[in-house]
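Below is one structure, written out as structure tokens; comments come after it.
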Amino acid sequence: MNGFETILYEKNDGIARVTLNRPHALNAFSVQMRDDLYEVLSAIRADDEVRVVVFQGAGEKAFCAGADLKEFLTAPSVVKARRIRAVRDLWRLFLGTSQPMVAALHGYVLGSGFEIALFCDLRIASADVVFGLPEVGLGILPGAGGTQTLPRILGLAGALDMLLTGRRLNGQEALAMGLVNQLVPRDRLAQEVDAVAQKIASCDPVAVQNAKRAVIKGMDMSLEQGLDLEWRLAAATKG
Ligand code: CAA
Numbered sequence: 157m158n159g160f161e162t163i164l165y166e167k168n169d170g171i172a173r174v175t176l177n178r179p180h181a182l183n184a185f186s187v188q189m190r191d192d193l194y195e196v197l198s199a200i201r202a203d204d205e206v207r208v209v210v211f212q213g214a215g216e217k218a219f220c221a222g223a224d225l226k227e228f229l230t231a232p233s234v235v236k237a238r239r240i241r242a243v244r245d246l247w248r249l250f251l252g253t254s255q256p257m258v259a260a261l262h263g264y265v266l267g268s269g270f271e272i273a274l275f276c277d278l279r280i281a282s283a284d285v286v287f288g289l290p291e292v293g294l295g296i297l298p299g300a301g302g303t304q305t306l307p308r309i310l311g312l313a314g315a316l317d318m319l320l321t322g323r324r325l326n327g328q329e330a331l332a333m334g335l336v337n338q339l340v341p342r343d344r345l346a347q348e349v350d351a352v353a354q355k356i357a358s359c360d361p362v363a364v365q366n367a368k369r370a371v372i373k374g375m376d377m378s379l380e381q382g383l384d385l386e387w388r389l390a391a392a393t394k395g
């Protein structure tokens with residue numbers, strides 16, 4: 157599966173790798189990238205060979221510097237720009253993907269780039285990482301799930317701090333706040349992400365996907381409902 161304009165895709169030994177590939181624009185998220193990600197994620201979800209998905213950014217400076225501002229802010233209006241983007245609900249596709257997703261993060265991870273990382277199950281970052289949600293400073297709202305995903309990961313106080321003030325976090329701060337699972341030197345990022353992806357790919361895929369499902373779905377349930385869900389999924393996981 158190849159020939160995308162804005163991303164690269166490869167699959168080896170159960171590991172799918174999606175590279176945001178617009179390094180000249182710090183991998184800014186464009187409508188074409190939305191379409192390419194929608195297509196690749198739809199294919200990944202239907203592919204039983206894929207046990208884990210890695211998202212990464214091309215180039216030295218960024219995982220993704222957010223929405224393509226040249227495109228977004230030159231649309232006839234923000235409402236129109238949003239409407240164009242809503243035609244394909246990429247974010248719900250991220251949310252419903254059963255395979256674990258790992259974000260390999262370096263450099264700038266801003267706006268919708270940050271929101272893509274928040275949809276991932278694990279975030280591994282290099283020491284040069286910078287996280288931020290510049291949206292309110294631009295007079296707009298994060299529209300890729302950030303107002304909902306960030307508080308679920310950082311808690312209310314940390315999420316509101318980032319959302320309302322545009323405060324940026326460096327790698328050490330992100331690690332201390334539980335935003336990233338691991339912080340590693342830049343030259344070891346690919347290696348450390350590979351090790352985690354291989355570990356996941358080596359486990360029983362039904363057990364892995366049911367464990368993910370129990371946690372993600374359970375987050376929106378009462379404890380009692382969550383325990384019922386865990387019971388059902390455990391019974392459906394043969395081992
Ligand atoms: N959209 C389009 N192009 C972008 C971009 C973006 N978000 N971010 C960077 N680029 C482009 C720059 O225009 C520049 O291109 P040229 O060489 O053709 O001029 C190239 O990438 C390199 O960028 P800089 O020269 O600016 O690099 P820098 O190291 O000096 O600064 C930066 C890096 C601080 C990330 C700066 O580029 C920046 O502030 N970018 C914008 C970040 C931002 O506000 N993102 C949007 C968030 S809003 C959102 O994502 C939500 C939504 O739904 C709208």
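The sequence shown maps to residues 157 to 395 in the numbering used here.
Backbone N, C-alpha and C fix where the C-beta goes; we use that ideal spot for every residue, glycine too.
#### Entry: residue 347 burial status per 10 Å Cβ neighbour count (16 or more: buried)
In the sequence shown, counting from the first residue as 1, residue 347 sits at position 191. Label assigned to residue 347: exposed.
### Task
Return the bridge partner residues of residue 165 from the DSSP annotation.
In the sequence shown, counting from the first residue as 1, residue 165 sits at position 9. The partner list for residue 165 (beta bridge, DSSP) reads 174.
### Query
Is residue 377 closer than 9 angstroms to residue 308 when the C-beta atoms are compared?
Here residue 308 is taken as the residue at index 152 of the sequence shown, counted from 1. Here residue 377 is taken as the residue at index 221 of the sequence shown, counted from 1. No, these two residues do not count as a Cβ contact at 9 angstroms.
### Query
Going by Cα to Cα distance, which pick from 273, 244 and 322 is closest to residue 257?
Residue numbering aside, residue 257 sits at position 101 when the sequence shown is read from its first letter. Looking at the Cα atoms, 273 is the closest of the given residues.
### Query
What residue does the alpha helix (DSSP H) around residue 142 start on, and which one ends it?
The shown model of the chain, from 157 to 395, leaves out residue 142, and the question about it has no answer.
### Message
Please identify the residue among 183, 184 and 210 whose C-alpha is closest to the C-alpha of residue 196.
### Response
Residue 196 sits at position 40 when you count from the first residue of the sequence shown. Nearest option by C-alpha distance: 210.
### Query
Is the beta carbon of residue 250 within less than 8 angstroms of some heavy atom of the ligand CAA?
For this step, residue 250 is matched to residue 94 along the sequence shown. The answer is no for residue 250.
### Task
Assign residue 178 to buried or exposed, taking buried as 16 or more other Cβ atoms, counted over all protein chains shown, within 10 Å of its Cβ.
Translated into positions along the sequence shown, residue 178 becomes position 22. So residue 178 counts as buried.
#### Entry: Local conformation of residue 377 per DSSP, three classes
For the purposes of this step, residue 377 is taken as residue 221 along the sequence shown, with counting starting at 1. The answer is coil: DSSP assigns residue 377 none of H, G, I, E or B.
### Message
Is any non-hydrogen atom of the ligand CAA found closer than 8 angstroms to the C-beta of residue 351, if you look at the structure I gave you?
### Response
One-based indexing of the sequence shown puts residue 351 at position 195. Distances from the CB of residue 351 to the heavy atoms of the ligand CAA are all 8 angstroms or more.
### Query
What whole-angstrom Cβ distance do residue 180 and residue 219 have, given they're in contact under 8 angstroms?
Position 24 of the sequence shown, counted from the first residue, corresponds to residue 180. Position 63 of the sequence shown, counted from the first residue, corresponds to residue 219. With 8 angstroms as the limit, residue 180 and residue 219 do not qualify as a contact, their Cβ atoms being about 15 angstroms apart.
### Query
Who are the near neighbours of residue 141 in its chain, counting only those whose CB is closer than 6 angstroms to its CB and skipping five residues on each side?
With the chain represented from 157 up to 395, any question about residue 141 goes unanswered, as that position is not in the structure.
### Query
By DSSP, does residue 279 sit in helix, in strand, or in coil?
Within the sequence shown, numbered from 1, the residue matching residue 279 stands at position 123. DSSP places residue 279 in strand when its eight states are reduced to three.
### Query
How would you write the range of the beta strand (DSSP E) that residue 218 sits in, first residue to last?
Here residue 218 corresponds to residue number 62 of the sequence shown, with the count starting at 1. Note, residue 218: beta strand (DSSP E), 218–220.
### Query
Which residues count as close to the ligand CAA when the rule is a CB under 7 angstroms from any of its heavy atoms, in chain order?
180, 181, 182, 184, 185, 217, 218, 221, 222, 223, 224, 225, 226, 228, 264, 266, 267, 268, 269, 290, 291, 294, 296, 298, 299 and 300
### Query
Do residue 270 and residue 287 come within 9 angstroms of each other at the CB atom, strictly closer than that value?
Position 131 of the sequence shown, counted from the first residue, corresponds to residue 287. Position 114 of the sequence shown, counted from the first residue, corresponds to residue 270. Yes; because the gap between Cβ atoms is below 9 angstroms, this pair is in contact.
### Message
Can you look up residue 392 in the DSSP assignment and give me helix, strand or coil?
### Response
By 1-based counting over the sequence shown, the position of residue 392 is 236. The answer is helix: DSSP assigns residue 392 an H, G or I state.
### Query
Nearest to residue 168 by CA position, among 206, 343, 193 and 332, is which residue?
Here residue 168 is taken as the residue at index 12 of the sequence shown, counted from 1. Looking only at 206, 343, 193 and 332, the smallest Cα-Cα distance to residue 168 is reached by 206.
### Query
Do you know whose CA, among 329, 349 and 393, lies nearest residue 368's CA?
Within the sequence shown, numbered from 1, the residue matching residue 368 stands at position 212. When only C-alpha atoms are compared, the closest one is 393.
### Task
Kindly confirm or deny that the segment 305–323 and the segment 340–359 touch, where touching means at least three C-beta pairs closer than 8 angstroms.
no
### Message
Please state whether the Cβ-Cβ distance between residue 193 and residue 163 is less than 9 angstroms.
### Response
Translated into positions along the sequence shown, residue 193 becomes position 37. Translated into positions along the sequence shown, residue 163 becomes position 7. Taking 9 angstroms as the Cβ cut-off, residue 193 and residue 163 qualify as a contacting pair.
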